[in-house]
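Student: Whatever position you read off the sequence shown (first residue = 1), add 2 for the working numbering. Even glycine gets a Cβ: it sits at the ideal position worked out from N, Cα and C.
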Amino acid sequence: MTKIAFSATSPADLRRWLESHAHEALMTTRYLPKRYEEMIGGSLFWIFEHTLIGRSPIKGFEQREDGRWHIRLEPVLIPILSKPKRAHQGWRYLTDADAPRDLVDGETAGDTIPPKLARELTRLGLV
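(1) Check the DSSP bridge columns for Glu64 and list the partner residues they point to.
(2) So who's on the other strand from Asp104, going by DSSP bridges?
(3) So the candidates are Thr31, Arg32, Arg66, Glu26; which of them puts its Cα closest to the Cα of Ile60?
(4) Taking the C-alpha atoms as reference points, what is the distance between Arg94 and Lys85?
(5) Got a sec, what are the start and stop residues for the alpha helix (DSSP H) Leu20 sits in?
(6) Are Thr97 and Phe47 close, meaning C-beta to C-beta below 8 Å?
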């Protein structure tokens with residue numbers, strides 16, 4: 003599943019928000035995904051500046067009193083190999099084949115293409 007890191011000002015800001023929650027971070031969505039059962043144990047991939055930048059494992063889904071749903075997340079941002087991704091409203095499914103890999107030990111986000119450069123290279127058809 004992909005979602006824009008809407009109010010985050012940077013990937014570090016998103017990481018701080020996630021890690022500020024002790025046991026789980028809650029994202030709110032209007033509708034329960036139809037494939038919610040298969041998504042539990044999967045990940046929510048975060049989009050920042052048109053680039054997938056990290057993922058947070060999905061613990062489950064919980065309905066709120068107002069009828070909306072919480073997406074229950076592990077309060078971590080796992081770094082991934084950055085990948086261009088167009089912005090969208092709400093969330094979208096992401097296939098396993100399209101999901102970027104986690105960064106390995108010793109590899110840093112600085113070893114990958116910066117989001118703005120990746121976006122421009124994609125626009126030019128080079129990535």
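Tutor: Here's the rundown:
(1) Bridge partners of Glu64: His72.
(2) In the DSSP output, where bridge partners are listed per residue, Asp104 has Ile82.
(3) Residue Glu26 is the option with its Cα nearest to Ile60.
(4) Using only the alpha carbons, I get a separation of about 15 Å.
(5) First-last of the alpha helix (DSSP H) with Leu20: 13-21.
(6) No. Outside cutoff.
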